[in-house]
Each structure stands twice: as structure tokens, then as C-alpha cells.
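**Q** Protein chains in written order, with this note's numbering: chain A, 1 to 52; chain B, 1001 to 1834.
I have a structure here, written as C-alpha cells, and I will follow up with some questions on it.
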């Protein structure tokens, strides 16, 4: 029992952390566009051209 | 008399056999290429030939049918000036200014197709100096540009994009973009928080179920229950506040609302859990309360997303009126200004093929105008000085001088956008079956549990708690919550594979029973273009006319130019007379194609009769004269889609009423209706967009499906229960419609309706199964037959059953679409052999 009184609030804190991370992700538009990143990751970065 | 094929000169048909130096379109890319006597198909290069051959070898020749809309070989203006993008009035509305003097804008992109486009567009900073960042959103077809105004101008970037083949135009003001995005974020956060709480409450609930048959001391149980209570309070207080707000509003205005029973059930469920916990008893129902919040929020969120999308497309409608204008200054020169800067009384020049930026009147003697976008009228209209030129209509066959009368919000196009908006707003939303039933279900379960608990308390107080728990577990509404969304998702996916893109599950609910289907004429049951449908007289004269008309710009000229032309023709001295015809020299002989009115007096008897016959079947006769002798007559009209009659017949067979509306004149509409077998009282002609809307509003045979293609159909489509946009329709129409037909013809509407009926049947079966399951479970639990452990095993089983039923649902049948295509293939292979 004493173990649970510590473990459950800790678990809830971890969950709260996940919620905070989620809210942050929404606020920074991580969920705004779900179609493009999956294509973008397939494109290689072009080599940097000098003088540009 | 010969009846010519309605389709344009097909690339895979050689135009002549004897010539070797003429050019025909390349069978793959459409560029001019030499005719090869030894082969049926011609190619501009070996690369195109290789692609063509391998596509055919793999049986993928449907590619050539599918891409027809996208191909625009050679008619894209390469240079255009977009100075209006730099105007202060435009920039203050659409451009964001960041620190360090950078600017950014969101622009809608046209021409975005694949990963290569994405790569090219995101490489823009390497192409154009001063562009700092370029991000593309493929799903919404939007590009976000960030640039340094000191190094480059927005107009230069847009011109660069146009040269690459992408048109851009602004989407809404920064204020409206921000407002919608903020609302979207609030929804997502609510949903995420509700889901997180629900998962945690569920985890604790499982521990509490376990407490019933394993030992758990009372203080631990009490502790877990208090945590559940706290989390549930958070859930209904934060993400669930929406239901209470709506319920309170419903009580205040004394109007019933679905949120009222939901809010009551949430309060009852939470109050019950709280009461049990305070009393120190076991048996809380909070995991279902929190889960209900999540499931219902998810449904609302999907609805909100649809609204946001519709709104986005509405702004596109406004974007169809050009954002720039060519204004004539006092000294006679032309300057390009943003549309916001013109004033009533100004003189503007509308170039051939461009749309008018404002409502105005014609300030030159005559001119041709294409009103199709506003009225659906298929033929260009001849205007005389002083006639109306509404914003958004296009000049045809020459530029027009227009005196501006009304601008901006006062134009007819802006009025139409408002109509669409109000029609969308007034449409009663479908209250999803799950929404209607959820609150009552929860309330019923609680009542049943209380009664069962009370009875067992009297009979056998020791067993009462475990029976109550088993009851609550086995009646968990998981299956009920899953039934609709799962079936809908499975069905939307299957529809998409049949080439029918359906925006949301509510379409299926609306299409569940027979009603009325309203078809637009121009562009929906017809192809929406001019083509030579019949001809009479000397075939050689028609070939000469076709060669001559390649130089014409009038839509009638384009129809004749699509016919096989005389090979190796030397055309010279071409002269186009507005409203009368075209003349010129073909191979040294004078050829003239003119309207019947210009030459009626000189026509021989047989040709006059042919012309009369064409006119009676609502075709426009054009007389072709060689060396001033009338030699042939062709009838030009708008060809019917090949599957239009099949659609009408199959809708009738399904007990649907078929109605046709059109902005076109009565004889044309009547003739099309007669050919389709639609009774004349159901064929409405000369309908303005407003009249179409009124017609839809006054019809009673619901559900009402409106099938259209043009912007003039938009208000009616918004008011209809389900709107369907045909392939190749105006972009804003396709995007705003509930359903768009991506592949196949309009006959696939019948496929959609059959599919919707089957989908709804599956939804109802699923509901019945999960309700029966819950009822049977409740009976077993109430009689004390099952323990909480068995109940906990049964709970996910019901979800699995529902999933299996949803996925097993029959596919969308595509036979009705495939049949005519298979017939076409047979004839074309026969043709190739002979």
C-alpha cells in the first residue's frame, strides 16, 4: 500500500508529462501537416553549392 | 451525311496514310511528331516510345485516359507579371512580418503532383536569391514562403513559380488563417487530454476489477477510487466542458439537443462513482464516463475538420475573381494594379481568356463573353456596348474593355460566396446514430445497475458488489462506440478504391434511402465543351476548314479544329470576324467558315435542310464555303457523357427521382432531357445560381443529391444533403463537394449509393450485435452467472466481433462502371486490327 501511494502519483506525473509534451507538440504545429513529412524524408539533402 | 466521332482528334489515330512529312501529336506527350507510315502511333522521340510501349505491355494504358485532365502541353503562359502581389493593400492583408525584416505568406498551389514537385518547391531557396525557406503542405496544396524583402519581391518569387509550372494564389487573410488554426489546436488538445485521462482511469479500473477476486485492502481500494474520481472530474471538467456548455444552452433556450442526455449521463455516472467512493463502497463506473468523453469528442473533431476544409475551399471561390486588374490610365497606357485598388468608373482591359476583376459594363461596341462559371451557359454570349460583364466571367476570342460598376464585396461573385456560406451554415447536421444513442445507453446502464445492486443487496449482500462490477464491465460501451467509426472508415477506404472520394461518414448516413438526384447539365451530363457532332457535305472542305480553324480562337473554331485537318496545309491570310466567322487561304483556295446567319441566302436547298435539321437538334450550324461556294455544314454542340443515360436508368431502377437543372436555354435543356429520358417537367432551364439554390430548397424528396461541376452549382450543392462533383469540374467545386468522382464516369454515383446502403446496413447490424451483446451480458451479470473476470474477458471480445463485421463488409461494386469501359476497349482493339 505504501508503495502504491508513491508509485501511482509518480505514474500520474509521467502521464502529465506526456500530456504537456503533447500540448507542446500541438502548439508548435507538429500535427498541422501529416502528409508531407513522410514524403520529405525520402528526399536527400542536396550537396551544398559553393558561392551561394 | 456522316456522324463524326465526338472526341477530339485522338493521338493514337494516324490522320492520313499518304503523307510522310506532316506532324501529328506524339502518342505519349502530345508534342508534334512525324507520321510514320509503318506504325499506327507516332512519337516525338524514342524515350516517349519506350514509355508508351512499356505502359501498354503492362496493360496500364488507362494512364492515357486518366491524365487527360492534367495535360496542358504548350498552352501555359510562360511569362506573367504579378506586380500586384507587391501592392501595400495586398501585403497588409496576407503577409506576415517577422523579426529581422523577414516576411512570410501562405499561398495555395496549383500543379502540385508528386514527390518531385515537393522536392523542387522546397529547393526554391537555391533557385531564387532572397527566398529563405519554402515549406510545402502536400495535403492542403499550400506553400509557406519566407523571404527577405530587401533581396527579392514576392512577385518575383511567384513569377519564378509560374515559370516552373505552379500557379499560386492567396488563401484568406492572416487573421482568418490564425483563427481557424487556433481552434483546431484547441480541439486537438482537448482530445489528447481526454484520451490520456481515459487511459489512466481505465488502467486503474482494471486493478479495481481485480480487487474483486484477489485480495485488496479497503484503504488501497479507496485510494484508487479517489484517484479515479479526481481524474474523471478533470476529464468532464476540461475536455468535457463542451457538453455542459451545450446542455446549459439547450436548457436556457428550451430546445432539445443531443448534448443534453450526454451531459446528464456524464453527471449521473460521475455522481454515482463519487457517491460510492464517499460511502466507501466498491463499484465505480468512471472509466466508461471518461471513455465516452473521448469517443464523442473524436466524432466532433472530425466534423470540425470537415468544416475547416469547406471553409478553406470557400475562400478559393473568392480567389477565382482575379486579384489583379489592367487599368487604363488617363493617357491611354495600361497599368497593372491589385483588384482592391480599382474603383467604380475605372476602365479596365480584360485580356482574351482572362476573367473580369469586377462587375462592370462593356465599354466597346461588341465582344464575346464566357458566362459559364456564373450561369452554366455553354455557349459564349455576344455582348454589345453597355451589357453587364460580371466579375469572374471570361473574355473569349478577344480582349474586352470594361467600365467598372461594382467592386469587391458588392460583386455578384462575392454575393454567391455569401450564398454558399449561408447554405452551408443552414444545413442541418446529421446527428450521428452513436451520438443519439450514447447518452440514453449510459443512463440505461446506470439505472439497470442500481436496480440490480439494490435487489442483490436484499437477496445476498455479500455477492452484490461483485455482481455490480461484472454488470458494469460487461456493459462497457466500447463496441457501441467502435461500431460506426470502424464501419465508416472501412467503407470510405473501399469507396476510394472504386474512384469515389467521400469526405465523411455522414454522407453514407444521408444516402441510406432513396430520394432525388439533381443533375446539372453543362459539364455534368454533358462534357461541357464544344465539339462537332454532325456534318454534311464535302469531307475535303471540312478538312480544309479544320486546318484553317487551327488559327481561330473562338470555341466554335476550336471544335472544328479538333477534326482531322488537311495534311500539309499551307494556311495564310487568316482573318477572324467577331461573331460571324473566319476566312483565309488554304493551299491557295479561299476557305470560309461562317455562322448560318451570314450566308443563309446563298445556301443550296440540301445544305439549308441539313442546317435546319442541326438547328432542330440544338446544334449550332456552321457553313463552310470553298471559293465562295458553300460545300459543307457542320453541327456543333456539347456532347453527352457516354454514361449519362446509364446513370439516369440505374437511378430510376433504384427508385430515385432524377431531375435536371441548367442555366442553358430551354430548347437545349429539353433536347438533352429527352435523350436521357427525363420528363420535361423535371428539366429546369435558364436557372441562375440563385434559382438552383431555391429549387434545391423547395424540393421535398430527401435525401437530395446534387451532382454538379461549375461554380454556378456551388450554392445549390452547399444546400443539398449530399453534393457530388464530377471529375474535371471547377477546382473549388471539386474541393468543396461531399463526394468527388476521381475515376470512372458519373455512373459511379449508382455505385456510391449502393455502397452507402450496404454501409448503413452494416452499421445497423453492428449496433444490433453490440446492443444484443451488452444486453445478454447484462442479463448474465444480473443473474449472477458471470464473475467480473469472465466479464473482463468478454468486454474486448465484443469489440473484436464488431471489428470483424466492419472489415468483412462487401466491397463497393464497380461492375456498373467497368462494363462500358470494357466495351470501348473491345471496339478500339477491333478498330486497330481492321
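Every residue, glycine too, gets a C-beta built ideally from N, C-alpha and C.
All values derive from a computational prediction rather than experimental measurement.
1) Does any CB atom of chain A fall closer than 9 Å to the CB of residue 1387/B?
2) Does any residue of chain A bring its CB to less than 9 Å from the CB of residue 1148/B?
3) Step through the CB atoms of chain B and report whether any lies within less than 9 Å of the CB of residue 12/A.
4) Starting from residue 1185/B, find everything on chain A with Cβ-Cβ shorter than 7 Å and list it in chain order.
5) Taking the beta carbon of residue 1587/B as the centre, do at least 16 other beta carbons fall within 10 Å, making it buried, or is it exposed?
6) Looking at the C-beta of residue 8/A, does it have a partner C-beta in chain B at a distance below 9 Å?
7) Roughly how many whole angstroms lie between the Cα atoms of residue 1541/B and residue 1032/B?
8) Measure how close the beta-carbons of residue 1589/B and residue 1640/B come, nearest whole angstrom, since I'm counting them as under 8 Å.
9) Just to check my reading of the structure: residue 1707/B and residue 1524/B have Cβ atoms closer than 8 Å, yes? What is that Cβ distance to the nearest angstrom?
10) Please go through the same chain and pick out, in chain order, the residues whose beta-carbon is closer than 8 Å to the beta-carbon of residue 1671/B, but skip the five residues on each side of it.
11) Applying the criterion that 16 or more other CB atoms from any shown protein chain within 10 Å of the CB defines a buried residue, is residue 1088/B buried or exposed?
12) Please tell me whether residue 1707/B has its Cβ less than 9 Å away from any Cβ of chain A.
13) What do you get for residue 1692/B, buried or exposed, if any count of 16 or more other CB atoms within 10 angstroms of its CB means buried?
14) Give the residues of chain B in contact with residue 3/A, contact being defined as C-beta atoms less than 8 Å apart.
15) Applying a beta-carbon distance threshold of less than 7 Å, which residues of chain A neighbour residue 1189/B?
16) Run the CB neighbour count on residue 1071/B, radius 10 Å, all protein chains shown included, and call it buried at 16 or more, exposed below.
17) Determine, for residue 1106/B, whether the minimum Cβ-Cβ distance to residues of chain A falls below 9 Å.
18) Hey, which unbroken runs of the beta strand (DSSP E) at 3 residues or more fall wholly within the region 1139-1181 of chain B?
19) State yes or no: is the beta carbon of residue 1136/B nearer than 9 Å to at least one beta carbon in chain A?
20) What is the rounded straight-line gap between the Cα of residue 1153/B and the Cα of residue 1121/B?
21) Quick one: measure Cβ to Cβ for residue 1470/B and residue 1263/B, integer angstroms, because I've assumed they're closer than 8 Å.
22) If you measure between the beta carbons of residue 1474/B and residue 1696/B, is that distance less than 9 Å?
23) When the cut-off is 9 Å and only beta carbons count, does residue 1140/B lie next to chain A?
24) Would you call the CB atoms of residue 1636/B and residue 1530/B closer than 9 Å?
25) So, at 8 Å on beta carbons, what are the nonlocal neighbours of residue 1571/B in its own chain, with the 5 sequence-adjacent residues on each side left out?
26) Contact check, residue 973/B vs residue 1295/B under 8 Å by CB: the rounded distance?
27) Quick one: which chain A residues come within Cβ less than 9 Å of residue 1504/B?
28) Quick one: grab the DSSP three-state call for residue 1665/B.
29) Drop a sphere of 10 angstroms on the beta-carbon of residue 1158/B, count the other beta-carbons inside from all chains shown, and report buried for 16 or more, exposed for fewer.
30) What is the rounded straight-line gap between the Cα of residue 1040/B and the Cα of residue 1026/B?
31) Measure the Cβ-Cβ separation of residue 1599/B and residue 1625/B and say whether it is below 9 Å.
32) Alpha carbon to alpha carbon, how far is residue 1746/B from residue 1643/B? Give it in angstroms, no decimals.
33) Beta-carbon separation of residue 1274/B and residue 1292/B under 9 Å?
34) Quick one: is residue 1511/B buried, meaning 16 or more other Cβ sit within 10 Å of its Cβ, or exposed?
35) Less than 9 Å between the C-beta atoms of residue 1614/B and residue 1543/B, yes or no?
36) What does DSSP give as the partner residue(s) for residue 1576/B in the beta ladder?
**A** With the structure as the only source:
1) Sequence index remark: in the second chain, residue 1387/B carries index 387 (1-based). Taking Cβ atoms only, chain A never reaches closer than 9 Å to residue 1387/B, which makes this a no.
2) Taking the second chain and counting its residues from 1, the one referred to as residue 1148/B is at position 148. False, the Cβ-Cβ gap to chain A never drops below 9 Å.
3) Indexing the first chain from 1 puts residue 12/A at position 12. Cβ-Cβ to chain B under 9 Å: yes for residue 12/A.
4) Walking along the second chain from the start, residue 1185/B turns up at place 185. Within chain A, the residues near residue 1185/B are 26 and 27.
5) In the second chain, the residue the question calls residue 1587/B occupies position 587. It is exposed - the Cβ of residue 1587/B has fewer than 16 other Cβ atoms within 10 Å.
6) Walking along the first chain from the start, residue 8/A turns up at place 8. With 9 Å as the cut-off, residue 8/A counts as an interface residue toward chain B.
7) Residue numbering aside, residue 1541/B sits at position 541 when the second chain is read from its first letter. Residue numbering aside, residue 1032/B sits at position 32 when the second chain is read from its first letter. Distance between the alpha carbons of residue 1541/B and residue 1032/B is about 24 Å.
8) Mapped onto the second chain, residue 1589/B falls at position 589. Mapped onto the second chain, residue 1640/B falls at position 640. Going by Cβ atoms, the distance from residue 1589/B to residue 1640/B rounds to 35 Å, so no, they are not a contact pair.
9) For this step, residue 1707/B is matched to residue 707 along the second chain. For this step, residue 1524/B is matched to residue 524 along the second chain. That pair is a contact at about 6 Å.
10) Your numbering for residue 1671/B matches position 671 in the second chain. So the list reads 1617 and 1618, once near-sequence residues are dropped.
11) Here residue 1088/B corresponds to residue number 88 of the second chain, with the count starting at 1. The residue in question, residue 1088/B, is exposed, as its Cβ has fewer than 16 Cβ neighbours within 10 Å.
12) Taking the first residue of the second chain as 1, we reach residue 1707/B at position 707. No, residue 1707/B does not count as interfacial toward chain A.
13) In the second chain, counting from the first residue as 1, residue 1692/B sits at position 692. Buried, by the Cβ-count rule.
14) The residue given as residue 3/A occupies position 3 in the first chain. Residues of chain B passing the Cβ test: none, with the nearest at roughly 10 Å.
15) The count along the second chain starts at 1 and reaches residue 1189/B at position 189. Neighbours of residue 1189/B on chain A, chain order: 23 and 26.
16) Taking the second chain and counting its residues from 1, the one referred to as residue 1071/B is at position 71. Unreliable positioning characterises residue 1071/B in this predicted model, as indicated by a pLDDT of 43, which lies under 50. A coordinate reading is not provided.
17) Position 106 of the second chain, counted from the first residue, corresponds to residue 1106/B. Closer than 9 Å: no.
18) 1142-1147 and 1167-1170
19) Along the second chain, one-based indexing puts residue 1136/B at 136. So yes, residue 1136/B belongs to the interface.
20) On the second chain, residue 1153/B is found 153 positions in, with the first residue counted as 1. On the second chain, residue 1121/B is found 121 positions in, with the first residue counted as 1. The alpha-carbon atoms of residue 1153/B and residue 1121/B are separated by roughly 17 Å.
21) Here residue 1470/B refers to the residue found at position 470 when the second chain is read from its first residue. Here residue 1263/B refers to the residue found at position 263 when the second chain is read from its first residue. Contact flag wrong, Cβ pair sits at about 28 Å.
22) Mapped onto the second chain, residue 1474/B falls at position 474. Mapped onto the second chain, residue 1696/B falls at position 696. Result no, Cβ atoms of residue 1474/B and residue 1696/B do not sit closer than 9 Å.
23) Position 140 of the second chain holds residue 1140/B. Answer yes: the Cβ-Cβ gap between residue 1140/B and chain A drops below 9 Å somewhere.
24) Here residue 1636/B is taken as the residue at index 636 of the second chain, counted from 1. Here residue 1530/B is taken as the residue at index 530 of the second chain, counted from 1. Their beta carbons are under 9 Å apart, which means residue 1636/B touches residue 1530/B by this criterion.
25) Here the question's residue 1571/B lines up with position 571 in the second chain. Result list for residue 1571/B: 1547, 1548, 1550, 1551, 1584, 1585 and 1586, in chain order.
26) With chain B represented from 1001 up to 1834, any question about residue 973/B goes unanswered, as that position is not in the structure.
27) Counted from its first residue, the second chain places residue 1504/B at position 504. What residue 1504/B touches in chain A: nothing, since even the nearest Cβ is about 17 Å away.
28) In the second chain, residue 1665/B corresponds to position 665, counting from 1. Residue 1665/B falls in the coil class under three-state DSSP.
29) One-based indexing of the second chain puts residue 1158/B at position 158. So residue 1158/B ends up on the buried side.
30) In the second chain, counting from the first residue as 1, residue 1040/B sits at position 40. In the second chain, counting from the first residue as 1, residue 1026/B sits at position 26. Approximately 11 Å, taken between the alpha carbons.
31) Counted from its first residue, the second chain places residue 1599/B at position 599. Counted from its first residue, the second chain places residue 1625/B at position 625. Contact flag set, yes.
32) Residue numbering aside, residue 1643/B sits at position 643 when the second chain is read from its first letter. Residue numbering aside, residue 1746/B sits at position 746 when the second chain is read from its first letter. Near 7 Å, if we compare the C-alpha coordinates of residue 1746/B and residue 1643/B.
33) Within the second chain, numbered from 1, the residue matching residue 1274/B stands at position 274. Within the second chain, numbered from 1, the residue matching residue 1292/B stands at position 292. No, these two residues do not count as a Cβ contact at 9 Å.
34) As a working note, residue 1511/B is residue 511 in the second chain. Buried is the call here.
35) Translated into the one-based positions of the second chain, residue 1614/B becomes position 614. Translated into the one-based positions of the second chain, residue 1543/B becomes position 543. Not a contact, by the Cβ cut-off of 9 Å.
36) Taking the second chain and counting its residues from 1, the one referred to as residue 1576/B is at position 576. According to DSSP, which records beta bridges pairwise, residue 1576/B is partnered with 1582/B.
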